[in-house]
DNA sequence: GCCCGATCACAAAT
DNA sequence: CATTTGTGATCGGG
C-alpha cells in the first residue's frame, strides 16, 4: 500500500541524510508537577454557564484595580457587586461535560511561549482600568432587546437574515458577562462568531443562483451575535479589556466589536464621552490603524495616526479639511489627559494577502498632535502615539518575522534551516534560544502515514464522479453527500465545522488535485518552526498567524496495531510519539451554539468523534512536524478524523486544525487525551502518565 | 500569477 | 432616525 510514494524516504539533494539528526532525547512533557492545581482547582463548571467555585470572582470589576497606570481622570466606577452567584442561564440541552471540554475553556494562551524569543513576557494579569462616565454603560442592558425591523432584502437571502426577534435562542450569557468579560468569555464569543461566519459562507457557497447571496458573512454573523447578546465587554472602558491580550489577532472588525476591544464597526477611532455635565470632553479609547499610509515609522513602538473625516463619503479622498470633532477631538483630549489608548494595527496576512489581520498591540499614549496638508491640499490631523513600556511584543513580533522572511535579519538560535530537508514545500526551521541542545533525537522525516504490513482497513466505498473539482452546491457529489450534504471547507480552504468524521476526496476520485475537498492532503502551508521550550522539550509554532479553522498538518508516522502498542508499553520504550484514537478525549464544542442561526435544520452538529476503526500512529522513528506538537489541557489546535479512499480501502487520517486565531510565535498544542482506565490499571506499577505543564487553569494535572 | 484600483453592499453607535 | 465612519470580497486591467 502506500501507493507509489517512497517508503524509505531519502531527502532529495542531501549529501548526507540531514533528516536524521543527532541523538539527543527530546523532552516532551515531564518535569515536576504543576503546583497550581491546588490553588486553582479545576473548574467544575463550563463558563460562561456555570458558576465559579468561589462564587463570582473571575470578573473584571473585581480584579485588582488602579494599581498601575490609571490616569487621574477616572472617577471610581460604581462597582456592581453581585452578591450571590451570577444568574447564568443554563441551557437545558447541554449535558455536563468534563472540564476542559469546551472551546471557551481556554482562559490563557498555552504557556506564555508566544514571542518569547522577542523577550516579551506574557501579559497575564496587569488588570488596570480607568472609568469614565461612570453611569454610561449602566442603562444599556435593557435596551435593544425589543425587536428590530429589518428592511427587506432583495432575493431570498432571508433564511439567514434572522435579526433580533430571536425566536428560540436564549442567550447563554448573563448580563454581567455581556458587560464585563474575561478570557473564557472572549474565546467563547470569538469561537461562536467565526463558526457562524463559516457556516454562513458554507450556505452561500452552495447556492446556485447568485441572487440573494450574502457577500459579507462577517457582517451577518456579527449582527446575529450583537442582537442575540453573544458578546462581552460591552461596557466601554479605557485601557485593558479583560480577556483580550496583547498580541491577540483578529480577522474581522466585527470580532473586535464583539469582544469590546473596539466598538465601532467601521470607524477607526473609538471614543467615549462622559455623561455628567462635569465632563463633556470625549476621550479616545482605541484606534485601528489600517496599516496603509500611517506606518512610515520604523520604530514599532511609535505610531503616527491620521485623524478621521474630510473624505467625501464613499468616493475619492480628501475633499475637505478635517475638523476637530468626534474622534479627532477625543485624541486631542487624550493627549491632554494622558490616558491610555488601545492600538490595533492592521497588517497584511502573509497566508492570504487579500485579507487583513488586526493585531492588538496594547496600550499607547498620545504624545503629540499637529495638522498636515494632505495631497489634495486639505488639512489632516496627525497624532503621534507612543507605546506604554513593559508590554509583551505584538506588532514588533510581526515586524521581526517580516525581517526574517525578507532576509534582512537572521533568526537567532537557528540550528537547522529546514529539518524536512525539502520534503515539505515550505521549510521548517529548528531553533533553540533556550539552551545548548543542538539536535533532535534521530527520526526520519516523512509527511504521511506508513503502513508496515497489510492492515485491513475499511471496505472500499466509492469516490465521487466530479470531473474538474467538486463544487459546494453539487448534491450529486457523493463526497459531499458523505459529509452530510455540505461542503466541509469554505472557499479559502478553512474547515467549516467539526465533524464526527470528515470525508475528503481521495486518489480514486476523478476530480482534480485542486479540488477543494482535499485540504488535509496538501501538506504544510504555514511557515513553521520547531523550537526548544523552556520546560517541555521541543515544541511547534508558526511564523504566520493562523486563522481559526485552518488546516495545520496531518499526524504522520507508522501505523501500528494494538499488540505493538502494548509491546512498546511493556518494554518501557518511550512511546511519547504515539497518537491513538483509542484514548479518551474530552468532548468539546467548536461549532456555533444551535439556535444562533434560525431555520438551521441541519442537525449535523454532533462533534463527538465517530471513528470507524482504531488508529494508532507512532511517530517515534518516522514522522512529520506533528510529532513536535505538545500537549495542553487548554489547546489551540484540535484533531479531526479524516477518511478517504486509497487503494480500494478507506483509510483514516488525523488532521490538525486551529481552534481559534493563533498569533505568530504562539506554541501550538492539542489535547493528547488519556489512556482508558482499563488499560492504565492493567499495568501494575505506576502507570506512566505524564505530568502536565500546560499551565492552564483547566489543567488536569497529567495526560497520556 | 501577482498586484493595484474600482466597485459594491453593508453595521454600530450616537 | 439620520449621520458618521471604511471594510471585505471580488473582479478586471497592467
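In my numbering, the protein residues as written are 151 to 854. In this text, a Cβ means the ideal position worked out from N, Cα and C, and glycines have one as well. None of the values given here were measured: they were computed from a predicted structure.
Sequence-distant residues of its chain with Cβ nearer than 7 Å to residue i (five each side left out)
| i | result |
| --- | --- |
| residue 432 | 421, 422, 423, 479, 480 and 483 |
| residue 612 | 628 |
| residue 758 | 650 and 737 |
| residue 773 | 593, 596, 706, 707 and 727 |
| residue 656 | 613, 794, 795 and 796 |
| residue 617 | 660 and 661 |
| residue 760 | 650 and 651 |
Cβ-Cβ distance between residue i and residue j below 8 Å
| i | j | result |
| --- | --- | --- |
| residue 698 | residue 809 | yes |
| residue 494 | residue 438 | yes |
| residue 706 | residue 597 | yes |
| residue 853 | residue 824 | yes |
| residue 383 | residue 391 | yes |
| residue 661 | residue 703 | no |
| residue 637 | residue 667 | yes |
| residue 496 | residue 415 | no |
| residue 783 | residue 821 | yes |
| residue 816 | residue 785 | no |
| residue 544 | residue 512 | yes |
| residue 460 | residue 469 | yes |
| residue 675 | residue 551 | no |
| residue 385 | residue 413 | no |
| residue 419 | residue 362 | no |
Whole-Å CB distance - residue i paired with residue j, under 8 Å assumed
| i | j | result |
| --- | --- | --- |
| residue 345 | residue 740 | 7 Å |
| residue 767 | residue 729 | 4 Å |
| residue 569 | residue 581 | Their Cβ separation, rounded to whole angstroms, is 10 Å, which puts residue 569 and residue 581 out of contact at 8 Å. |
| residue 510 | residue 411 | 6 Å |
| residue 775 | residue 715 | That pair is no contact at about 23 Å. |
| residue 508 | residue 404 | Rounded, the Cβ-Cβ distance is 11 Å, inconsistent with contact. |
Burial state of residue i (16 or more Cβ within 10 Å)
| i | result |
| --- | --- |
| residue 408 | buried |
| residue 548 | buried |
| residue 649 | buried |
| residue 328 | buried |
| residue 763 | exposed |
| residue 811 | buried |
| residue 525 | exposed |
| residue 803 | buried |
| residue 567 | exposed |
| residue 348 | buried |
| residue 713 | exposed |
| residue 843 | buried |
| residue 558 | exposed |
| residue 578 | buried |
| residue 157 | Because residue 157 sits at a pLDDT of 35, beneath the cut-off of 50, its placement in the model cannot be relied upon, and the point is left open. |
Residues bridged to residue i (per DSSP)
| i | result |
| --- | --- |
| residue 681 | 581 and 689 |
| residue 703 | 806 |
| residue 506 | 498 |
| residue 529 | 523 |
| residue 554 | Answer is none; residue 554 lacks a bridge partner. |
| residue 436 | 420 and 492 |
| residue 789 | 806 |
| residue 653 | 793 |
| residue 712 | For residue 712, which the question treats as bridged, DSSP gives no partner whatsoever. |
| residue 780 | 819 |
| residue 853 | 840 |
| residue 400 | 508 |
| residue 729 | 767 |
Cβ-based neighbour list, residue i, same chain, cut-off 6 Å, excluding 5 preceding and 5 following
| i | result |
| --- | --- |
| residue 725 | 718 |
| residue 771 | 593 |
| residue 633 | 653 |
| residue 500 | 694 |
| residue 669 | 639, 643 and 701 |
Residues near residue i by beta carbon distance below 8 Å, same chain, minus five either side
| i | result |
| --- | --- |
| residue 746 | 319, 342, 346, 374, 375, 378 and 380 |
| residue 188 | For residue 188, the pLDDT reaches just 32, beneath the cut-off of 50, and the residue's location in the model is therefore unreliable, leaving the point undetermined. |
| residue 519 | 481, 482, 485, 531, 532, 533 and 534 |
| residue 351 | 367, 640, 641 and 646 |
| residue 514 | 453, 490, 491, 492, 493, 535, 536, 537 and 538 |
| residue 839 | 824, 825, 830, 852, 853 and 854 |
| residue 358 | 623 |
| residue 355 | 622, 623, 637, 640 and 641 |
| residue 680 | 569, 578, 579, 580, 581, 590, 688, 689, 690, 775 and 778 |
Proximity test, residue i beta-carbon vs the ligand MN heavy atom, cut-off 7 Å
| i | result |
| --- | --- |
| residue 624 | As presented, the structure is devoid of all ligands, the ligand MN included, so that no description of it is given. |
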